[in-house]
Amino acid sequence: MATPKRYWLVKTEPEAYSIQDLANEPKKTTCWDGVRNYQARNFMRDDMKKGDLVLVYHSNANPPAVVGIAKVVRESYPDHTAWDPDDKHYDPKSTAENPRWFMVDLKLQKIFKHPLALPELRGQKPLAEMELLRKGSRLSVQPVRGKEFTCIEKLANG
DNA sequence: GCCAACGTTGGC
DNA sequence: GCCAACGTTGGC
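Spelled out as C-alpha cells, the structure:
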C-alpha cells in the first residue's frame, strides 16, 4: 500500500527567495534551507515524503499570497547552511555528527496566474481551519488538509 | 514602521 | 520548571 499523498505549505519572503527564483533554478529545484524552527523542522524531517505537494506562500509581501505549487523531490537531509559560519542561518550547535536542522528538495510544479491573496482566502468555508489563516500563526512549514489544497487549486484555476 | 503574537533563552 | 526578557515573524 502506498501511503496517501500529503499536502503542505511553506512560507518564503519573496525579497529573500521568491517563487520566480525557484522557477529560475536549474531543474526548477532547490533545497529548502534555512528553516530554524523545531516544529517546522519536524514536519520536514519526519513527515514530508517524496511526491507530496507543497503550496508556496509569499509572506511579508504585497499582498501576502499563495503563489504556486511545488513538489517534494528529495526527502530530508541535514541542512548544511547551519554549518557555515558565513551563512545567515549558521548554528554552531548543529554539527555533521549531530545535525540539528534538516531540509528537503522542492521542485516547482506551477506558478498561479493569479496569486491568491490572504483576503481572498479568508471567508472560504473549506479553509476555515487552515493553519495559515489562524491568528498569530507563524509556522513556516505547515500541513495542509486535502480539502484545503483542493479548494486553493480550484480558486487558482478560476 | 508599528506592534501583537510567538518561540527561545537563561537566571533563579 | 517557572517565567521575564528578548528576538523574530508577519500582517497591516
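Numbering (this note's numbering), first residue to last: 41 to 198. Glycine included, every Cβ here is placed at the ideal spot set by N, Cα and C.
Checklist entry - Applying the criterion that 16 or more other CB atoms from any shown protein chain within 10 Å of the CB defines a buried residue, is Asp92 buried or exposed? => result Result: buried.
Checklist entry - Hey, is the region 113–124 in contact with the region 175–189, meaning 3+ C-beta pairs nearer than 8 Å? => result no
Item to check | Spatial distance of Gln46 from Asp87 (CA atoms) | outcome: First, the amino acid is wrong: residue 46 is Arg here, not Gln. In this structure, the straight-line span from the alpha carbon of Arg46 to that of Asp87 is close to 9 Å.
Next on the checklist: Please report the distance separating the alpha-carbon of Asp131 from that of Gly198.
Outcome noted: Taking the straight line joining both Cα atoms gives about 43 Å.
Item to check | Residue nearest to Arg185 in terms of C-alpha spacing, selected from Pro166, Arg174, Ala196 | outcome: Pro166
Item to check | Stretch pair the region 92–108 + the region 144–155: three plus CB contacts closer than 8 Å | outcome: yes
Item to check | Where the beta strand (DSSP E) through Arg114 begins and ends | outcome: 105–118
Checklist entry - Gln164 to Ala157, Cα distance in whole Å? => result Take the alpha-carbon of Gln164 and the one of Ala157: they are about 12 Å apart.
Checklist entry - Taking Cβ to Cβ, would you say Val144 is nearer than 8 Å to Val112? => result yes
Item to check | Inter-residue spacing [alpha-carbon to alpha-carbon] between Ser171 and Glu188 | outcome: Here the sequence assigns Glu to residue 171, which means Ser is not the residue at that position. Each residue's alpha carbon lies about 10 Å from the other.
Item to check | Alpha-carbon spacing of Pro159 relative to Asp126, whole angstroms | outcome: 38 Å
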